Every structure is written in structure tokens, then in C-alpha cells.
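Have a look at the structure below before the remarks.
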Amino acid sequence: MGVTQERLERFEANRRRLFGLAYRLLGEASEAEDVVQDAYLRWERSDSAVSPEAWLAKVVTNLCLDRLTSARAQREQYVGPWLPEPVFADSGALGPLETVEQRESLSLGMLVLLERLTPPERAAFVLREAFGHSHREVAEILELDEAHVRQLYRRARQHVGAARRRFTAAPEQRRKLLERFLEATLGGDVAGLERMLAEDVVAWSDGGGKAPALRHLLVDREKLLRYLLDLAGHPRVTSMTAGTANGEPAIMLDVDGRFFAVIVPEFDGDRITALYAVANPDKLAFFMKQTM
Numbered sequence: 584m585g586v587t588q589e590r591l592e593r594f595e596a597n598r599r600r601l602f603g604l605a606y607r608l609l610g611e612a613s614e615a616e617d618v619v620q621d622a623y624l625r626w627e628r629s630d631s632a633v634s635p636e637a638w639l640a641k642v643v644t645n646l647c648l649d650r651l652t653s654a655r656a657q658r659e660q661y662v663g664p665w666l667p668e669p670v671f672a673d674s675g676a677l678g679p680l681e682t683v684e685q686r687e688s689l690s691l692g693m694l695v696l697l698e699r700l701t702p703p704e705r706a707a708f709v710l711r712e713a714f715g716h717s718h719r720e721v722a723e724i725l726e727l728d729e730a731h732v733r734q735l736y737r738r739a740r741q742h743v744g745a746a747r748r749r750f751t752a753a754p755e756q757r758r759k760l761l762e763r764f765l766e767a768t769l770g771g772d773v774a775g776l777e778r779m780l781a782e783d784v785v786a787w788s789d790g791g792g793k794a795p796a797l798r799h800l801l802v803d804r805e806k807l808l809r810y811l812l813d814l815a816g817h818p819r820v821t822s823m824t825a826g827t828a829n830g831e832p833a834i835m836l837d838v839d840g841r842f843f844a845v846i847v848p849e850f851d852g853d854r855i856t857a858l859y860a861v862a863n864p865d866k867l868a869f870f871m872k873q874t875m
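Using this note's numbering, you'd call the opening residue of the sequence shown number 584 and step up by one each time.
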């Protein structure tokens with residue numbers, strides 16, 4: 584069956600929401616685009632979708648679950664730490680960001696936490712938290728009984744619950760903290776950085792073997808402090824400026840006059856508990872397409 588103009592419009596009305604769902608499930612914008620396109624091709628061939636929102640959510644979720652299963656094996660072979668692809672969320676490309684849960688589920692820190700979950704746990708959590716589906720609706724999407732879905736969701740919340748306090752600061756507060764951090768880094772303010780870096784701060788750096796990056800998590804606060812000062816003073820570093828990624832304040836790093844990395848600090852109160860730096864050029868392509 585060919586797609587009619589009406590059906591095309593109904594799909595387009597759901598495109599951003601579907602992309603936002605696929606991205607939260609996969610942590611990869613390029614893969615999420617492919618999933619949405621696959622869903623569209625299935626929508627073209629279908630003539631039985633009474634509720635396009637529910638039908639498409641089910642198709643996208645199941646396509647993502649298939650990809651997550653294979654992605655886990657691939658990520659075991661990844662060079663260095665794996666981080667999600669950053670995205671520019673302010674354009675509305677990832678669906679509504681009206682609630683705390685919707686914004687929280689998009690942050691790099693939360694996406695890293697979601698990697699701890701099984702694919703079904705991740706799907707149950709994202710569908711419930713970010714998109715407000717009832718347990719009954721999630722059960723229908725995953726083709727499981729409701730009791731099982733409640734159990735999946737409960738386990739998912741237990742896995743990520745202890746860390747959720749990291750995402751409670753208001754955006755304006757995080758922006759001011761990032762500016763303080765950037766000023767201290769560029770100014771070589773050792774004491775200022777020491778005050779901002781938590782004792783147990785962890786730095787993630789994802790180069791994927793294609794860009795200079797740390798090969799392992801950096802868990803030494805003093806080494807991280809020296810690394811930041813060396814980075815800011817490196818002669819090839821053209822600029823470090825404030826921006827946004829995944830709806831959060833972030834640092835845009837240029838090297839030799841070219842965009843090189845996105846660095847997102849994670850705050851607990853006024854202390855930085857984690858730094859996520861994505862330099863793999865493959866993972867920056869979508870972000871650059873959105874912002875450049």
C-alpha cells in the first residue's frame with residue numbers, strides 16, 4: 584500500500600517524538616535516524632494502524648531493542664571508554680522537553696547510567712519516565728504482561744535511583760557553574776578548580792581510536808586537575824567556549840581552528856562529579872550538522 588498524504592502527515596507529526604525515543608534507547612543519534620527511517624518504511628506498508636502514536640512507538644522500541652542487543656557486543660570491542668553521541672536538544676529535534684524527567688533522560692550522565700540496564704529495563708524506564716506511558720501501555724509495546732513490566736521498571740529505577748540527585752540543579756545554576764569552571768580552567772586557577780572538583784570526580788574521554796583521548800577512566804582528582812590545565816594551555820587548542828549539549832551546559836573545544844570535542848561536566852551541588860568528553864569525529868557529525 585502506498586503512503587497517502589494524510590498518512591505521511593501523521594508520521595511527520597510523530598517524527599521528533601520517535602527520534603527522541605530512539606535516541607534515548609540507543610544513545611546514538613545516527614542509529615536513531617536509521618531506526619526512524621525503518622519505522623517510516625514499515626508505516627508505508629502498513630494499513631492497520633488505528634493509533635499511529637502507539638503503533639509507531641512499538642515499532643521504534645522493538646527496532647531499538649534488536650540494535651541494543653548487537654550493540655553491546657560491539658561496544659566490548661570499542662577503543663577506550665564509550666560515551667553516547669552528543670546532540671543539540673534546544674532545536675526541539677528530540678521531542679518535548681517540558682518535564683524534569685524528559686530533560687533528565689536526555690543528559691549524557693543519565694544515558695551513561697542507562698547503559699547499566701538490560702535492553703528491556705531500559706525500554707521500560709524510558710517509555711515510562713521520558714514519555715509518560717502507563718505500565719499497561721508499556722506492556723503492550725513490549726508485548727509483556729503488566730506485572731513483568733512493573734518489575735522491569737522497578738529494577739531500572741533501583742539501578743539509576745541513587746545517582747539521580749545529580750540532575751536536580753536548575754539549568755541557570757548549572758550554566759553559572761560551568762562558566763566558573765571554564766574561567767578557572769582558562770585562567771589556570773588551581774585553587775578554584777580544586778574547590779569545584781569533587782574528591783571522587785571521574786573523567787570519561789571518548790575518542791574511539793580516531794581522536795586523541797584518554798584510554799581509561801581518569802579517577803585521580805589531582806591528575807585530572809593537571810590534565811585540564813595542560814589542555815587549556817596547549818598551543819594547538821584554539822578555544823574553549825560555553826555552549827550546550829543534550830540540554831546541558833557544555834564546553835566546545837576547538838583544536839587548530841576546528842571543532843574537536845564536546846565536554847559536559849556533571850554537577851552535584853556546586854561540585855563536579857564527572858566530566859564527559861566526546862572527541863570521536865564519527866560521534867560529533869550529527870551534532871555538527873545540527874549546529875554548524
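Heads up, the beta-carbon is just placed ideally off N, CA and C, and yes, glycines get one too.
Just so we're clear, the structure is a prediction, and the values are computed from it rather than from any experiment.
Cβ distance (whole Å) where F764 is taken to contact L604 below 8 Å:
Taking the sequence shown and counting its residues from 1, the one referred to as residue 764 is at position 181. Taking the sequence shown and counting its residues from 1, the one referred to as residue 604 is at position 21. Actually they are not in contact, since the Cβ atoms of F764 and L604 sit about 32 Å apart, beyond 8 Å.
Ends of the beta strand (DSSP E) at G826?
Numbered from 1 along the sequence shown, position 243 holds the residue referred to as residue 826. Per DSSP, G826 belongs to the beta strand (DSSP E) from 820–828.
Output the distance between the C-alpha atoms of M584 and W787, rounded to the nearest integer angstrom.
Counted from its first residue, the sequence shown places residue 584 at position 1. Counted from its first residue, the sequence shown places residue 787 at position 204. A caution first: M584 carries a pLDDT of 48, below 50, which makes its placement in the model too unreliable to give a value.
When you compare only the Cα positions, how much space is there between L807 and G770?
Mapped onto the sequence shown, residue 807 falls at position 224. Mapped onto the sequence shown, residue 770 falls at position 187. A direct Cα-to-Cα measurement between L807 and G770 gives close to 16 Å.
Segments assigned alpha helix (DSSP H), at least 4 residues, entirely inside the stretch 697–779
Those alpha helix (DSSP H) runs which fall completely within the stretch 697–779 and span 4+ residues are 702–712, 718–725, 729–744, 754–769, 773–779.
For E616 and E595, the rounded distance between their alpha carbons
As a position in the sequence shown, residue 595 is number 12, starting the count at 1. As a position in the sequence shown, residue 616 is number 33, starting the count at 1. Near 13 Å, if we compare the C-alpha coordinates of E616 and E595.
Quick check on R841: does DSSP put it in helix, strand or coil?
Taking the first residue of the sequence shown as 1, we reach residue 841 at position 258. It is a strand residue.
At which residue ranges does the stretch 614–678 contain complete alpha helix (DSSP H) runs of 4 or more residues, listed in the order of the chain?
Fully enclosed alpha helix (DSSP H) runs of 4 or longer: 635–658.
Rounded to a whole number of angstroms, what is the C-alpha to C-alpha distance between V845 and C647?
Along the sequence shown, one-based indexing puts residue 845 at 262. Along the sequence shown, one-based indexing puts residue 647 at 64. Each residue's alpha carbon lies about 25 Å from the other.
Nearest CA to the CA of E777: which residue from Q588, D803, S674?
Along the sequence shown, read from residue 1 onward, the residue named residue 777 stands at position 194. That would be D803, whose Cα lies nearest to the Cα of E777.
Does A596 come out as helix, strand or coil in the three-state DSSP assignment?
For the purposes of this step, residue 596 is taken as residue 13 along the sequence shown, with counting starting at 1. Secondary structure at A596: helix, using DSSP grouped into helix, strand and coil.
Please state the DSSP three-state secondary structure of P864.
Counted from its first residue, the sequence shown places residue 864 at position 281. Taken through DSSP and simplified to helix, strand or coil, P864 comes out as helix.
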